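What follows is one structure encoded as structure tokens, with my remarks underneath.
Protein chains in written order, with full-length UniProt numbering: chain A, 1 to 58; chain B, 1 to 365.
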């Protein structure tokens with residue numbers, strides 16, 4: 001297949017991929033209805049333990 | 001300023017604003033930091049994979065030294081903070097398990113085939129590298145499965161975590177800096193032969209160290225990547241009807257709660273979103289990019305390796321960011337074990353890479 005054609009197709013695939021990715025995030029953001037008190041803007045000085053997930057196992 | 005740059009900045013601001021609106025100011029700030037990570041990684045072409053490969057193939061340690069500089073600077077900034085604010089800030093500390101040893105080795109090998117580690121895959125995918133765009137979905141799938149199996153891997157046993165901070169931050173920092181200096185000394189003769197240290201490596205290391213410290217201050221934990229990536233997979237499968245209740249990882253606290261929450265509440269996810277866009281914006285800052293499409297065989301191999309990359313990252317308590325950078329800058333011994341094992345894995349990965357059709361320079365221009 002022509003290289004330019006392959007590249008054009010791949011770019012179209014990439015654009016669709018990112019579009020789908022964005023749509024899924026938006027759908028998730030608006031469909032989840034979980035109440036969570038907003039954490040202080042900065043953890044340092046907040047007096048609260050961090051609650052985020054981390055690959056180290058938390 | 002060209003209209004293209006204004007649009008790129010507007011896109012970044014829109015992303016930060018949207019995340020802030022949906023999840024609060026902390027998440028917005030983390031998105032902003034993610035933008036910085038992506039822009040620096042792409043702008044400085046700061047790659048862990050490339051740095052190691054350059055050393056293994058050409059005995060050029062410039063990239064390796066840049067990583068050591070990053071580790072030294074970030075440790076100097078983060079260890080005193082972690083020690084003095086132990087309730088609010090938590091380091092990346094993990095046990096020295098069999099899964100860590102095997103997982104890091106596999107990760108090191110896989111990252112040479114995917115041409116990107118955790119951060120590398122994300123920033124290159126954001127910048128539009130076809131190889132990394134193909135790797136990203138399998139990386140997500142692998143991280144999801146790896147997390148799900150992580151409890152079983154950890155149950156195979158090992159040693160408990162070794163947190164050097166318990167001996168005080170001055171000693172922990174001295175040991176960490178000594179470790180970095182030792183690796184640098186071992187490669188000193190090659191560094192001399194390789195010529196002057198490119199500025200981009202130094203600038204990248206300094207900026208990434210600053211961003212890593214800021215991330216700790218804002219999030220209360222070190223910068224991480226693969227937790228969020230695995231969460232995306234779990235979210236996708238849950239949307240397709242999978243019930244996580246019986247899963248040994250995703251079905252238990254605190255992961256089950258995070259799975260139920262909107263994805264923008266997750267610390268690592270919003271940083272990753274910022275990273276992806278930051279890399280995109282940085283790659284387009286000077287105009288359109290030229291992209292070469294690798295062969296179908298190469299893409300297929302990379303996609304398969306992406307699955308291993310994601311899976312092994314969860315066996316090893318993280319990737320080059322969460323385990324190597326996060327672990328070492330938290331004075332956790334598992335970070336050094338990860339470094340050694342992933343480097344050994346990369347030695348195998350580089351050899352495997354040579355056997356596959358990888359025209360030099362054709363991966364991403």
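Note that the Cβ used here is the ideal one computed from N, Cα and C, for glycine as well. The structure presented is a predicted model; accordingly, all values stated were derived computationally and were not measured.
Contact of residue 313 of chain B with chain A by beta-carbon distance below 9 Å involves 55. Look at the beta carbons and you see the stretch 3-21 of chain A touching the stretch 128-138 of chain B: at least three pairs across the two are nearer than 8 Å.
Separation of the CB atoms of residue 283 of chain B and residue 163 of chain B is rounded to 38 Å, and the pair is thereby denied contact status at 8 Å. Residue 295 of chain B is classed as exposed because its beta carbon has fewer than 16 other beta carbons within 10 Å across all chains shown. By the Cβ neighbour-count rule, residue 152 of chain B is exposed, with fewer than 16 other Cβ atoms within 10 Å of its own. None of the residues of the stretch 344-355 of chain B has a beta carbon lying less than 9 Å from any beta carbon of chain A. The beta carbon of residue 7 of chain A falls within 8 Å of a beta carbon belonging to chain B, placing the residue at that interface. Secondary structure note for residue 320 of chain B: it is in no alpha helix (DSSP H), with a DSSP letter that is neither H nor E.
Close to residue 89 of chain B, with beta-carbon spacing below 8 Å, are these residues of chain A in chain order: 43, 44 and 50. Here DSSP, grouped into helix, strand and coil, assigns residue 158 of chain B to strand. In this structure residue 122 of chain B touches residue 225 of chain B by the C-beta definition: roughly 7 Å separates them, less than 8 Å. Residue range 3-23 is occupied by the alpha helix (DSSP H) that includes residue 14 of chain B. In the DSSP annotation of this structure, the continuous segment of the alpha helix (DSSP H) that includes residue 202 of chain B starts and ends at 199-219.
Of the candidates B:71, B:20 and B:15, the residue whose Cα lies closest to the Cα of residue 39 of chain A is B:20.
In this structure the stretch 23-43 of chain B does not touch the stretch 307-317 of chain B; the number of beta carbon pairs closer than 8 Å is below three. Shown here, residue 97 of chain B sits in a strand according to DSSP, grouped into three states. For residue 287 of chain B, there are no CB contacts under 7 Å within the same chain when 5 residues up- and downstream are skipped. Looking at the DSSP output, residue 178 of chain B shares a beta bridge with no other residue. Apart from the 5 residues on each side of it in sequence, residue 109 of chain B sits with its Cβ closer than 6 Å to the Cβ of 345, 348 and 349 in its chain, given in chain order. Looking at B:227, B:52 and B:211, the one whose alpha-carbon comes closest to that of residue 77 of chain B is B:211. When Cβ-Cβ separations below 8 Å define contact, residue 20 of chain A makes no contact with chain B. Beta-bridge annotation (DSSP): residue 163 of chain B is paired with B:332.
Interface flag for residue 258 of chain B against chain A is set, since a Cβ pair is found closer than 8 Å. Going by beta carbons, residue 11 of chain B and residue 281 of chain B fall inside the 8 Å limit. Rounded to the nearest whole angstrom, the C-alpha separation of residue 191 of chain B and residue 58 of chain B is 11 Å. For the stretch 89-105 of chain B, the beta-carbon criterion of a distance under 7 Å to any beta-carbon of chain A is satisfied by 89, 90, 92, 93 and 94.
Residue 28 of chain A carries a helical assignment under DSSP once its states are collapsed to helix, strand and coil. Non-local C-beta neighbours of residue 215 of chain B in its own chain, meaning closer than 6 Å and more than five positions away in sequence, comprise 33 and 223, ordered along the chain.
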